[in-house]
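K.L.:
Okay, so the sequence shown: first residue is 9 according to the numbering used here, each after it adds one.
Where is the CB? At the ideal position from N, CA and C, for every residue including glycine.
A quick note: this is a predicted structure, and the numbers were derived from the prediction, not measured.
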Amino acid sequence: MKKRGTLYGWLACVSIFFIVYALVKNYWIDPEASSFLSHKTGSKRELHLPIWLNVMYVHVAFACLAMESGLLNFSNRIFEKSRRFHRINGYVYIVSVALVVLTSGYMAPYATGGKIGSIGFNALNIIWLFITITALIQIKQKRMVQHRNWMIRSYAFCFTNMLIHLITSLFHLGFGLAYVTSYTVSIYGSIALLLVIPEFIIRMNFKSRTAPE
Ligand code: HEM
């Protein structure tokens, strides 16, 4: 029980820190996304900057909302207090995921790294949507444990951007690989990690539920 509370505490810290970071960085420090866009030189597809930026603002807003609403719905305390809140907030999460995927669909063709990057992002979109819809179907069929597990899998994708930047920095700054190559590696590396890490968390969760008190 205590272990699960500690895991939630860590999750809350990382999520809140990242939400604040994403909002401050993208709406305040670098609203023109100039540092990110500076790596798009030589891209075959011409980017329409005002449209791209507006789509990016919507993308970030709903990504943060997905992260926040998802976090709140993992809280046992909130769940026990109000199932109605959990349900409404769950729909907020699903609509947010749909809007992140939609905006991502617009940005994907212009992805850093060209076609390979674009394919990776489209794969992410399809996988995330599929996993999230599966979580919804599970609860419609009243399968609580499966719903929780699929939501853990879905929520992991809220960390896509964080993971992409961490892996890119590791390969670019750490190993000296070119930025675009590092970014492309990070897209596929993130997909793999975002599929694998939740499986460990689900197992840990299962063990802590079945372990004697
Ligand atoms: C909390 C989660 C997320 C946040 C805060 C976020 C934020 C951002 C930001 C700020 C950008 C602009 C570039 C940058 O600085 O990275 C971006 C780009 C992008 N994001 Fe997200 N994002 C999130 C999740 C996702 C997810 C789950 C997907 C796909 C399913 C996605 C797809 C994309 C795409 C395709 C781009 C354009 C990449 C490029 O031009 O190379 N994002 N995102």
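Consult DSSP for Ala20 and reduce its assignment to one of helix, strand or coil.
P.N.:
helix
K.L.:
Within 8 Å, do at least three Cβ pairs link the stretch 40-60 to the stretch 77-84?
P.N.:
no
K.L.:
Over what stretch of residues does the alpha helix (DSSP H) that includes Asn34 continue unbroken?
P.N.:
No alpha helix (DSSP H) contains Asn34, which DSSP labels as neither H nor E.
K.L.:
Using a threshold of 9 Å, state whether the C-beta atoms of Ser162 and Leu178 are closer than that.
P.N.:
no
K.L.:
With hydrogens ignored, establish whether the beta-carbon of Tyr196 is closer than 8 Å to any heavy atom of the ligand HEM.
P.N.:
no
K.L.:
For the ligand HEM, is there any heavy atom lying closer than 8 Å to the beta carbon of Tyr99?
P.N.:
no
K.L.:
Hey, would you say the C-beta of Cys21 is under 8 Å away from at least one heavy atom of the ligand HEM?
P.N.:
no
K.L.:
Quick one: using the 10 Å Cβ neighbour count with 16 as the cut-off for buried, is Glu221 buried or exposed?
P.N.:
Reliability of the predicted coordinates at Glu221 is poor, the pLDDT of 47 falling under 50, and the value obtained from them is presented with this limitation in mind. Exposed is the call here.
K.L.:
State buried or exposed for Pro39, treating a residue as buried only when at least 16 other CB atoms are found within 10 Å of its CB.
P.N.:
Pro39 comes out exposed.
K.L.:
How should Met159 be labelled, buried or exposed, when 16 other C-beta atoms within 10 angstroms of its C-beta is the threshold for buried?
P.N.:
By the 10 Å Cβ count, Met159 comes out buried.
K.L.:
With DSSP as the reference, label Glu221 as helix, strand or coil.
P.N.:
Unreliable positioning characterises Glu221 in this predicted model, as indicated by a pLDDT of 47, which lies under 50. A coordinate reading is not provided.
K.L.:
Do you know how far the Cα of Trp36 is from the Cα of Leu203?
P.N.:
One alpha carbon belongs to Leu203, the other to Trp36, and they sit about 32 Å apart.
K.L.:
Below 7 Å CB to CB, which residues in the same chain sit around Ser198 once its five sequence neighbours on both sides are set aside?
P.N.:
Thr168, Leu171, Ile172 and Ile175
K.L.:
Buried or exposed for Ser46, going by 16 or more other Cβ atoms inside 10 Å?
P.N.:
Flag for Ser46 reads exposed.
K.L.:
Report yes or no: do three or more beta-carbon pairs, one from the stretch 181-195 and one from the stretch 140-158, lie closer than 8 Å?
P.N.:
no
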